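Q: Following the working numbering, the numbering of the sequence shown begins with 859 at its first residue and continues without gaps.
Don't be surprised by glycine CBs; every beta carbon is placed ideally from N, CA and C.
Keep in mind that this is a model prediction, so the values were computed, not measured.
My questions will all concern the structure given below.
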Amino acid sequence: MFKLIIGNHNYSSWSLRPWLAAKQAGLSFEEISIPPRQSPTKADVLKYSPSGKVPCLVDGEMIVWESLSICEYLAEKAPSLWPSDEKARAEARSIACEIHFGFNAMRQGMPFDVRASLPFLEPSVEVKADVARIISIWESCRRRHGGEGPFLFGHFTNADAIYAPAVFRFLTYHVELPEESRKWVETMAALPAMQEWREASIAEAS
Ligand SMILES: N[C@@H](CCC(=O)N[C@@H](CS)C(=O)NCC(=O)O)C(=O)O
């Protein structure tokens, strides 16, 4: 069984991705939660993760860090975590990379805060552009690849896991969504694993 080292549930958006992918794929793992940026826990993170950041996966002698790489590693164990169709798989990886390396205005303008409920007041042009692009990705995936399933590519894949932090962000800031995106967000929010993450984030406040 591998270990998954994660941060705080309420604030560590990057940790949510591989944690959710592993849960949805039914992979057993030991969860170790180390909230970052709280001295002396940086040293604790470095015991596991060479980058000093979470998430990080430890499988025997092997260490995998960076949430995207961890999701790729999980897909080696559970291939259903990527779409089986080659073209759909390439698109799923493209949208995963797009959010992994981009949308900085959204990250800064809509800080990840799972348990909060905040007004989406006067977002900047850049934040609005990021939100619009994310919605267009969700709409396009659902319309073109959703098929019979409720997820971005029909069945649950890493694409859903990698956009899961945006689900919590959009719920925190009450972002209005068109039909397909709204249904997908509802599906994601109703997953027992997403509810477990949310409950853990609420428990961290007490
Ligand atoms: N690109 C990394 C980002 C990881 C990251 O920034 N993690 C934060 C917690 S959400 C962290 O460990 N911060 C501690 C620090 O920067 O010292 C990934 O995808 O895993």
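Between Cys-914 and Ile-953, which are expected to be in contact by the criterion C-beta below 8 Å, what is the C-beta distance as a whole number of angstroms?
A: On the sequence shown, position 56 is the one that residue 914 refers to. On the sequence shown, position 95 is the one that residue 953 refers to. Actually they are not in contact, since the Cβ atoms of Cys-914 and Ile-953 sit about 24 Å apart, beyond 8 Å.
Q: By alpha-carbon positions, which one of Pro-1050, Phe-1028, Leu-878, Ala-1051 ends up nearest to Arg-1040?
A: The count along the sequence shown starts at 1 and reaches residue 1040 at position 182. Residue Phe-1028 is the option with its Cα nearest to Arg-1040.
Q: May I ask whether a heavy atom of ligand 1 can be found less than 6 Å away from the beta carbon of Lys-911?
A: For the purposes of this step, residue 911 is taken as residue 53 along the sequence shown, with counting starting at 1. Result yes, Cβ under 6 Å from ligand 1.
Q: Is His-1013 helix, strand or coil by DSSP?
A: Against the sequence shown, residue 1013 aligns to sequence position 155. In the structure shown, His-1013 sits in a strand (DSSP, three-state: E or B).
Q: Out of Glu-1037, Pro-1036, Ala-1022, which has the shortest C-alpha to C-alpha gap to Thr-1030?
A: By one-based count along the sequence shown, residue 1030 stands at place 172. With distances taken between Cα atoms, Thr-1030 lies closest to Ala-1022.
Q: Return helix, strand or coil for Ser-909, following the three-state DSSP convention.
A: Working through the sequence shown from its first residue, we reach residue 909 at position 51. Three-state DSSP puts Ser-909 in coil, outside helix and strand.
Q: When the cut-off is 7 Å and only beta carbons count, does Ser-1064 lie next to chain D?
A: Considering every chain present, this structure includes no chain D. It has just one protein chain.
Q: Is the number of C-beta pairs between the stretch 960 to 974 and the stretch 934 to 947 that are closer than 8 Å three or more?
A: no
Q: Considering Asp-917, what are the terminal residues of the beta strand (DSSP E) in which it resides?
A: Position 59 of the sequence shown, counted from the first residue, corresponds to residue 917. Where Asp-917 is concerned, the enclosing beta strand (DSSP E) stretches over 914 to 917.
Q: Following the continuous alpha helix (DSSP H) through Phe-978, name the residue where it begins and the one where it ends.
A: Here residue 978 corresponds to residue number 120 of the sequence shown, with the count starting at 1. Run containing Phe-978: none; DSSP gives neither H nor E here.
Q: Quick one: using the 10 Å Cβ neighbour count with 16 as the cut-off for buried, is Arg-1000 buried or exposed?
A: Looking up residue 1000 in the sequence shown gives position 142. By the neighbour-count rule (16 or more Cβ atoms within 10 Å), Arg-1000 is buried.
Q: How is Trp-940 classed by DSSP in three states: helix, strand or coil?
A: Working through the sequence shown from its first residue, we reach residue 940 at position 82. It is coil, neither helix nor strand.
Q: Look up Trp-923 in the DSSP assignment and give the residues it is bridged to.
A: Numbered from its first residue, the sequence shown carries residue 923 at position 65. Answer is Cys-914.
Q: Output yes or no for whether 7 Å exceeds the beta carbon distance between Ser-886 and Met-859.
A: For the purposes of this step, residue 886 is taken as residue 28 along the sequence shown, with counting starting at 1. For the purposes of this step, residue 859 is taken as residue 1 along the sequence shown, with counting starting at 1. Yes, these two residues count as a Cβ contact at 7 Å.
Q: Along the chain, where does the alpha helix (DSSP H) containing Ile-1060 start, and where does it finish?
A: Locating residue 1060 in the sequence shown gives position 202, where the first residue counts as 1. DSSP places Ile-1060 inside the alpha helix (DSSP H), whose first and last residues are 1050 to 1061.
Q: If you pair each beta-carbon of the stretch 860 to 879 with each one of the stretch 929 to 939, do three or more pairs fall below 8 Å?
A: yes
Q: For ligand 1, is there any heavy atom lying closer than 6 Å to the beta carbon of Gly-1012?
A: Residue numbering aside, residue 1012 sits at position 154 when the sequence shown is read from its first letter. No, the beta carbon of Gly-1012 sits no closer than 6 Å to any heavy atom of ligand 1.
Q: When you compare each of Glu-1044, Ile-1020, Lys-861, Trp-1055 to Phe-959 by their alpha carbons, which one comes out closest?
A: Residue numbering aside, residue 959 sits at position 101 when the sequence shown is read from its first letter. Closest by alpha carbon: Ile-1020.
Q: In angstroms, rounded to a whole number, what distance separates the CA positions of Trp-996 and Pro-1008?
A: If you number the sequence shown from 1, residue 996 lands on position 138. If you number the sequence shown from 1, residue 1008 lands on position 150. Distance between the alpha carbons of Trp-996 and Pro-1008 is about 12 Å.
Q: Taking the alpha carbon of Glu-1034 as the point to measure from, which residue in Ala-933, Ile-993, Thr-1045 has its own alpha carbon closest?
A: Your numbering for residue 1034 matches position 176 in the sequence shown. When only C-alpha atoms are compared, the closest one is Ile-993.
Q: Where do the ends of the alpha helix (DSSP H) carrying Leu-1035 lie?
A: Reading the sequence shown from its first residue, position 177 is the one you call residue 1035. Neither: Leu-1035 is in no alpha helix (DSSP H) and is coded neither H nor E.
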